[in-house]
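Residues 1 to 860 in the UniProt record's numbering are what the sequence shown spells out, letter by letter. For glycine and all other residues, C-beta sits at the position ideal for the given N, C-alpha and C.
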Amino acid sequence: MESRYNPAAIEDKWQQHWAEQGVDQTPEATDKPKFYALSMFPYPSGNLHMGHVRNYTITDVIARVRRMQGYRVLHPMGWDAFGLPAENAAIDRGVHPAKWTYQNVAQMRAQLQRLGLSYDWQREVTTCSPDYYRWTQWIFLEFLKAGLAYQKEAAVNWDPVDQTVLANEQVDSEGRSWRSGAMVERRLLKQWFFKITAYADQLLKDLEQLDGWPERVRLMQENWIGKSTGAEVVFTTEAGDELPIFTTRPDTLWGATFMVLSPEHPLVEKLTTAKQAKQVKAYQAEAASKSEIDRTAEDREKTGVWTGSYAINPVNDERIPIWIADYVLMGYGTGAIMAVPAHDQRDFEFAKKFNLPIKVVVQPPDQTIDADTMIEAYPHDGVMVHSGPLDGVPAGKGAGQSVEAAVQWLEQHGKGTGTANYRLRDWLISRQRYWGCPIPVVHCPSCGIVPVPDDQLPVCLPEDVEFSGRGPSPLAKLESWINVPCPSCGEPARRETDTMDTFICSSWYYLRYPDACNEQQVFDPAKTNDWMPVDQYVGGIEHAILHLLYSRFFTKVLRDRGLLNFDEPFKRLLTQGMVQAAAYKNPKTGKYFAPSQLDLSNPTDPETGEPLEVVFEKMSKSKYNGIDPEQVLAKYGADTARMFILFKAPPEKDLEWDDADVEGQFRFLNRVWRLVTEFAERNAVQRAGQKSGQGQLSKAEKDLRYAIHYAIQQVSEDLEGDYQFNTAVSELMKLNNALSDATCKDSPIYAEGIETLLRLLAPFAPHLAEELWHSLEREGSVHQQAWPQADPSALVVDEIALVIQIMGKTRGTIQVPAQADKQMLEQYARESELAQKYIAGKDIKKVIVVPGKLVNFVVE
Ligand code: ANZ
Ligand code: ZN
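Right, here's the structure in full:
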């Protein structure tokens, strides 16, 4: 063994050894309690960044600790491998997306392996591989069978030059295509949807079960689902058509002075009078070109057109005009509203602009408002007025208040019903892209949509396609692939050419790991139900909404299809903070500069000479503050990188990269190395671990034993609950110090201390701990040892009876810890009830302390 700590010499060796021995494989036997530790799998961009390193290190420590604690652990890794970057690489560089992706996977897998992450690589899943996406397609067909997948016309972003649909992120703030620069149009195209709205209520309600999730994430999900309670009320047009509206304020029905329909509302055409037709048409065309965000922006000037028709308010038979305006969206509620300008700000602005009447139906408690003089809507509580049966009722959403009373009245009179509406929309899952999972259906002129039969799955992506960069996805152009006989009637039919949103592939990957190699089934429910739910999920906050919501949705659907027996996939969630580093920025111009071109003792803008400020920001190429994990590994090794990341900040907080602290951790590992190698050389064959505590221990041994068991207790506590790895590392450093300062280096207690240090360190610095463990000539891998248990007897502090004297006269004794020093003894004595009886309020002249014996107070 080397005398100097040389990570390069040991890390690779142990990684190979562990792989050969299958140390990280998932146990098959089910006799132990299970623990499923999962990191969000990465997109294989080709390069591992520090954010990945942090994410995976955190999960790895958790997995390693659980193994040592006697759990059977599932700790897998895979690749979220479909997606646009691969297709762009193909367009830009002419590499096939598959080739580009698999090269990146190989590169990143090697990088992960160099970090010493304890994955069971036999369960690796790659979403772009046909043996995985075959089951993504199978799941799609399950959704189709359940009526949860459907096709519908939807307004999408259309690039008229490239002739393709664009995602919202591919349209810049001016509404231009990122690629062609053309103004993007809104077009109605047939798209596939998943009916996530059918599960809105469950997705909301079951958030209650997730007490192991950060409150912030639960709240983000709740807001995304966006439940509004209120009522649906049926208005009638003068021509006799029913015109239902959704309102959260049915109590204000008596204050409705006009109605507004979305320009896309199906009744618009029928309601529009000949005189208004031209204006209405023009307005509809204009609205169609606007995005939803534009249409609903609060500060926007209201626009709209009267249809020429009227509706009847069902509560008072009043005749009110029907308008159209773009602030009413077709996709929410019923696409029609009653406008109550006195109590809704948007309606107020609209009424003012078009000179429509305003009627106050809620009066505030402390003043009287008047329709003619009010300058904004009054949306608050008060008391109902001019509202027939509701007059005098307190206005509000609480029990016995106006909203509840209104719903009751509407239901009694058959004019409306209490309902809830959700902001959540059905999930648009189709993409006009090549590098995604093909949607496994065939369109037949006579049979309609026909699912591809099970035994013909997977529908494989054709390989011989051309990526020209222009026009529709290469799939849509490949006639040889598109034209197939209908699986049902055998007549000529056409394949669906859309592929699935990659979020679908990542909505179920965690269900596959428990049975990753199954070729007969998506997974064996017995295996997946055994391992699920995930006990600890770790990933970035950027996935707080969509990925987690979709995964929860998939879980519930597959549960209802009889495949799963639990409601929620992820029991505990940890969202790790960002990894930041110093960046040099000119505060005036906002420009960043690479540190290599600066004098760091006095950084100035090389172009203007202005002083630069140092800011900590998320590592990124554009800010020249990225730190390449490869370089850190090459210089210090994986163990130091891991230790630094764990030590520098609690996992959910942002972490600031600091070279000095990396050095610090490297030095700490060197100290451990020297401590253990010295011990190993002195006691080459001495067996550690004989349980001590019975015989007579010296003071030095007792103190060391206390330090050892205190460290066990603290590290174990830090690893439970909130995973305070940073304080756990501090405890390890303290234990290391206690050992190097110990004066009983030949005692079995010292040997116990060395061994304990290695066990506690093993999850954090797995290679170093393993190498040193073997230097002690111990059996097996340190990673297969039991996690140490704190012995309460070692933590008991001996007590002595301390004599309390006042002016030399003994007044009694108090119990104090034997180890207490002079200062502490005085404090114990002063604060004791016994001494207080005599010294309270008196002037103490002198305190005489005889350690281990007495404290004497000399008072005035
Ligand atoms: C009358 C009213 C009176 C309203 C009042 C509010 C206050 P949330 O809370 O977001 O669910 N609304 C309903 N459907 C709409 C649509 N498709 N597009 C735009 N707005 C729509 O908002 C519900 C309220 O937003 C509903 O209650 C309705 O206006 C409007 F003093 O009805 B309200
Ligand atoms: Zn057919």
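Pick helix, strand or coil for residue i, following the three-state DSSP scheme.
i	result
residue 100	helix
residue 722	coil
residue 612	coil
residue 138	helix
residue 685	Because residue 685 carries a pLDDT of 46, less than 50, the predicted location of this residue cannot be relied on, and no value is offered for it.
residue 735	helix
residue 357	coil
residue 300	coil
residue 276	helix
residue 667	helix
residue 404	helix
residue 15	helix
residue 749	helix
residue 842	coil
residue 20	helix
residue 584	strand
residue 239	coil
residue 29	coil
Quick check: does the Cβ of residue i come within less than 7 Å of any heavy atom belonging to the ligand ANZ?
i	result
residue 257	no
residue 379	yes
residue 230	yes
residue 247	yes
residue 338	yes
residue 316	no
residue 268	no
residue 252	yes
residue 329	yes
residue 262	yes
residue 396	no
residue 344	yes
residue 43	no
residue 710	no
residue 332	yes
Would you say the beta carbon of residue i is closer than 7 Å to some non-hydrogen atom of the ligand ZN?
i	result
residue 444	yes
residue 450	yes
residue 491	yes
residue 473	no
Which residues share a DSSP beta bridge with residue i?
i	result
residue 444	448
residue 804	812 and 855
residue 382	395
residue 305	324
residue 824	Answer is none; residue 824 lacks a bridge partner.
residue 338	259
residue 183	176
residue 230	419
residue 409	The partner list for residue 409 (beta bridge, DSSP) is empty, contrary to what the question assumes.
residue 655	579
residue 817	799
Does the beta-carbon distance from residue i to residue j come in below 8 Å?
i	j	result
residue 334	residue 245	yes
residue 44	residue 101	yes
residue 550	residue 200	no
residue 123	residue 458	no
residue 236	residue 340	no
residue 228	residue 271	no
residue 147	residue 15	no
residue 857	residue 835	yes
residue 171	residue 161	no
residue 416	residue 581	no
residue 511	residue 212	no
residue 180	residue 206	no
residue 480	residue 434	no
residue 324	residue 263	yes
Output yes if chain C places a C-beta closer than 8 Å to the C-beta of residue i; else output no.
i	result
residue 636	Looking at the structure shown, chain C is missing, and only one protein chain is on hand.
Quick check: does the Cβ of residue i come within less than 7 Å of any heavy atom belonging to the ligand FMN?
i	result
residue 289	Ligands in the displayed structure: the ligand ANZ and the ligand ZN; the ligand FMN is not one of them.
Would you list, in sequence order, the uninterrupted alpha helix (DSSP H) runs of no fewer than 4 residues that lie entirely inside the UniProt domain "Aminoacyl-tRNA synthetase class Ia" (424-582)? 474-477, 479-482, 502-505, 509-512, 525-531 and 546-560
What ranges does the beta strand (DSSP E) occupy inside the UniProt domain "Methionyl/Leucyl tRNA synthetase" (40-173), keeping only unbroken runs of at least 3 residues that lie completely in it? 72-74, 149-159 and 164-166
List, from N- to C-terminal side, the alpha helix (DSSP H) runs of 4 residues or more that fit wholly inside the stretch 763-796. 766-775 and 792-795
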